[in-house]
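Visitor: I have a structure here, written as structure tokens, and I will follow up with some questions on it.
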Amino acid sequence: MRSRASSLLPSPEDDVGRVDMQSPPGEEEEEEEEDLLPPKVSEMRMTERHGKFLLGGLRCVLSELAAKDVPFDVLYPLSRSEVGRAVFDLATSSKSSSKSRALAVVTDFGPLRHFREWTEDQAAPLFEEEHVPLYQVDAHNVVPAWTASPKREVGARTLRPRINRLLPDFMTHFPEFEGNAHLSERSERECDGDSSVDWDRCEGYLKLDPSVPECDWAEAGAEAALSRFRTFCKGGTLGAPGLKKFAELRNDPNYDGVCSNLSPWINHGQISFQRLALDVRSLSKYSEGTASYIEEGIVRRELSDNYVYYTRDGYDTLDGAAVWARDSLILHGDDEREYVYTLEEFDGARTHDDLWNAAQMQLTTEGGMHGFLRMYWAKKILEWTPSPRVALRTAQYFNDRYALDGNDPNGFVGVGWSIMGVHDMGWKEREVFGKIRFMNYAGCKRKFKVANFVAKYPGAEANALMAAKKHGSEKGKRPKKAKANAKAKAKAGRPATASASASASALSSTRKKAVGPKKSAGGKKRKTP
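Under the numbering used here, the first residue of the sequence shown is numbered 194, with each subsequent residue one higher.
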């Protein structure tokens with residue numbers, strides 16, 4: 194039996210996987226907010242930034258497979274609702290260029306809703322009916338999501354011991370990939386690299402949005418990723434200390450080169466973090482940096498997969514929040530906002546906050562944002578939008594549209610942590626935020642040199658001055674939500690639940706400060722339901 198590889202290009206026209214955001218109570222409020230909600234990623238055209246990187250990675254995969262005599266196909270489903278059917282037809286059709294029907298089909302794992310719909314909901318029933326085994330391999334994580342934990346974890350403190358117990362079994366070196374080169378028979382057609390795929394057709398099929406251009410710093414493919422990783426291990430980019438000072442400086446946005454910034458390659462499946470973790474551990478130096486890098490890349494990243502996997506239908510909505518957080522946000526949803534910005538003002542980095550503007554400029558122009566800044570950036574969106582629902586959708590929109598590593602579990606959890614307290618605890622209640630952790634400009638100034646970061650992005654400070662002047666003059670004209678609305682809601686019979694109130698009360702009284710499918714015998718492989 195010869196191995197065969199294929200890649201799916203998601204249809205840009207269908208909207209499979211849409212789940213409306215939970216709205217604060219009240220039909221009138223829900224209708225008012227609809228016009229303020231930006232589109233979800235499933236409703237947007239893929240940008241050139243993402244599409245070119247995706248196709249660049251596939252070109253590299255094609256070359257690697259051709260060297261091993263493994264045929265490679267690109268599938269063009271009619272819509273997202275036909276993805277599973279497209280895979281099934283390729284594997285079972287007698288018209289396929291392969292000499293026989295597939296004896297088994299193996300697919301990668303992705304916890305996001307659309308990927309699970311393609312595999313579990315669409316493809317699996319078709320293959321089951323034809324008695325063709327369909328296996329899913331979690332190459333996205335070191336410890337498979339379904340093995341690491343059988344449920345959604347509270348946070349890193351509960352997942353970490355589970356991961357650490359299993360790492361010796363799973364963090365092992367990969368076997369050599371033989372492909373079909375060891376077979377005497379030849380494929381029906383030559384595996385001759387680029388000539389086997391019509392890349393112009395691929396781009397035309399995706400209908401890429403040119404308004405978000407490619408990132409010139411990010412070369413697609415495993416070799417480019419490994420080159421960047423080796424630089425990180427030796428000393429980082431632009432003179433930054435890289436791995437040596439990763440534990441100490443990774444939360445300082447002024448030391449961007451101290452991070453490997455490999456999440457786009459990991460997210461697109463072009464490099465495995467398991468490989469990076471094994472390589473960094475084999476260096477046997479910079480123990481603090483190594484430990485911190487593995488913590489971020491395994492425990493924290495796989496915590497995001499855990500949340501998304503076990504919150505399939507609500508990870509991108511307020512339904513995905515803990516009860517205490519959701520009730521608190523709803524209760525404070527009508528609190529008066531000092532500033533309220535439009536989507537266009539946010540997009541153009543035209544707020545009164547020069548640090549926020551600089552972070553937004555970093556995202557839109559460079560295709561990424563420093564991890565520490567994303568927390569501040571998202572929390573300010575909560576503070577400056579009419580409601581938590583609008584805030585959550587707005588932050589997700591910008592992250593998925595501009596970040597090269599957008600539309601991934603880590604992005605949804607990062608925004609969710611900032612806006613709806615995912616993996617966090619209840620804090621002292623305040624206006625707008627409720628019991629969600631608060632961050633402010635002064636706190637950032639204590640963490641790093643804000644002025645130095647802002648200076649990297651010309652226009653951030655000027656935009657802030659203009660916005661402060663504009664919105665200051667409009668405050669008297671701008672209709673504001675009465676602070677009493679939230680209390681009126683509670684009196685009208687929509688208070689936070691007793692269990693949520695009791696839970697948050699217990700947390701507040703005991704803590705005042707923050708602290709920081711079926712498996713096969715192989716473990717990583719399982720048969721889809």
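C-beta atoms are modelled at their ideal positions from N, C-alpha and C, and glycine is treated no differently.
Computed from a prediction, not measured in an experiment: that's the story for all the values here.
Just the Cα atoms here: how many angstroms apart are residue 302 and residue 647?
Guide: 39 Å
Visitor: Are residue 545 and residue 250 touching if we call contact CB-CB under 8 Å?
Guide: Their beta carbons are not under 8 Å apart, which means residue 545 does not touch residue 250 by this criterion.
Visitor: Considering only the alpha carbon of each residue, which of 558, 626, 530 lies closest to residue 517?
Guide: 626
Visitor: Taking only the alpha-carbon atoms, compute the straight-line gap between residue 371 and residue 605 and give it to the nearest angstrom.
Guide: 36 Å
Visitor: Taking one C-beta from the segment 236-250 and one from the segment 342-355 each time, how about it: are there three or more such pairs within less than 8 Å?
Guide: no
Visitor: Does the distance from the C-beta atom of residue 455 to that of residue 471 stay below 8 Å?
Guide: No Cβ-Cβ contact shorter than 8 Å links residue 455 with residue 471.
Visitor: Report the start-end ranges of each alpha helix (DSSP H) in the segment 236-319 that is 4 residues or longer and not cut off at the edges.
Guide: 241-260, 276-285, 306-309
Visitor: Can you look up residue 467 in the DSSP assignment and give me helix, strand or coil?
Guide: Residue 467: helix per DSSP, three-state reduction.
Visitor: Ignoring anything shorter than 3 residues, give me the beta strand (DSSP E) runs that lie fully in the segment 538-584, in order along the chain.
Guide: Listed in chain order, there is nothing to give.
Visitor: Mind checking residue 633: buried by the 16 CB within 10 Å criterion, or exposed?
Guide: exposed
Visitor: Short of 6 Å in beta carbon distance, which residues of its chain neighbour residue 280, apart from the five on each side in sequence? Order them along the chain.
Guide: 316
Visitor: Tell me whether the beta-carbon of residue 640 lies closer than 8 Å to the beta-carbon of residue 444.
Guide: yes
Visitor: Identify, in the order they occur along the chain, each residue of the same chain with its Cβ nearer than 6 Å to the Cβ of residue 562, setting aside the five sequence neighbours on each side.
Guide: 552, 555, 556
Visitor: Given this structure, state the Cα-to-Cα distance separating residue 523 from residue 581, to the nearest angstrom.
Guide: 8 Å
Visitor: List in chain order: all unbroken alpha helix (DSSP H) runs of 4+ residues lying wholly within the segment 418-467.
Guide: 439-442, 456-460
Visitor: With the cut-off set at 8 Å, would you say residue 584 and residue 612 are in Cβ contact?
Guide: yes
Visitor: Would you kindly work out how many angstroms separate the C-alpha atoms of residue 230 and residue 579, rounded to a whole number?
Guide: Straight across, the Cα-Cα distance linking residue 230 with residue 579 is about 11 Å.
Visitor: State yes or no: is the C-beta of residue 427 within less than 8 Å of the C-beta of residue 482?
Guide: no
Visitor: Which residues in the same chain as residue 368 place their Cβ atom closer than 6 Å to its Cβ, once the five residues preceding and following it in sequence are excluded?
Guide: none
Visitor: Rank 285, 610, 656 by C-alpha distance to the C-alpha of residue 496 and give the top, closest one.
Guide: Nearest neighbour of residue 496 by Cα position, chosen from 285, 610, 656, turns out to be 610.
Visitor: Within a Cβ cutoff of 7 Å, which residues of the same chain sit near residue 505, ignoring the five residues on either side of it in sequence?
Guide: 306, 309
Visitor: Who are residue 229's beta bridge partners in DSSP?
Guide: Answer is none; residue 229 lacks a bridge partner.
Visitor: Could you tell me the distance, in whole angstroms, from the CA atom of residue 324 to the CA atom of residue 299?
Guide: Between the C-alpha atoms of residue 324 and residue 299 there is a straight-line separation of about 14 Å.
Visitor: Near residue 654, which residues of its chain fall below 7 Å by C-beta distance, leaving aside the five closest residues on each side in sequence?
Guide: 547, 647
Visitor: Can you check whether the CB of residue 401 is closer than 8 Å to the CB of residue 558?
Guide: No, the Cβ-Cβ distance between residue 558 and residue 401 is not below 8 Å.
Visitor: Return the CA-CA distance between residue 278 and residue 319, expressed in angstroms with no decimal places.
Guide: 8 Å
Visitor: Run through the DSSP bridge pairs and tell me what residue 402 is partnered with.
Guide: 240
Visitor: Less than 6 Å between C-beta atoms, sequence neighbours within five positions excluded: which residues of the same chain meet that for residue 284?
Guide: The answer, listed in chain order, is 295, 298.
Visitor: Distance check for residue 339 and residue 488, CA to CA, integer angstroms please.
Guide: 19 Å
Visitor: I need the straight-line Cα distance from residue 252 to residue 602, nearest angstrom please.
Guide: Rounded to the nearest angstrom, the two C-alpha atoms are 25 Å apart.
Visitor: Can you check DSSP and say which residues form a bridge with residue 627?
Guide: 623
Visitor: With H, G and I counted as helix, E and B as strand and the rest as coil, what does DSSP make of residue 664?
Guide: Residue 664: helix per DSSP, three-state reduction.
Visitor: Do residue 262 and residue 373 have their beta-carbon atoms positioned less than 8 Å apart in this structure?
Guide: yes
Visitor: State the DSSP-derived secondary structure class of residue 501, mapped to helix, strand or coil.
Guide: helix
Visitor: Within the same chain, show all residues whose beta-carbon is closer than 6 Å to that of residue 433, passing over the 5 residues directly before and after it, in chain order.
Guide: Taken in chain order, the residues that qualify are 448, 450, 451.
Visitor: Can you list, in chain order, the residues of its chain whose CB lies under 6 Å from that of residue 413, leaving out five sequence neighbours each side?
Guide: 246, 249, 250
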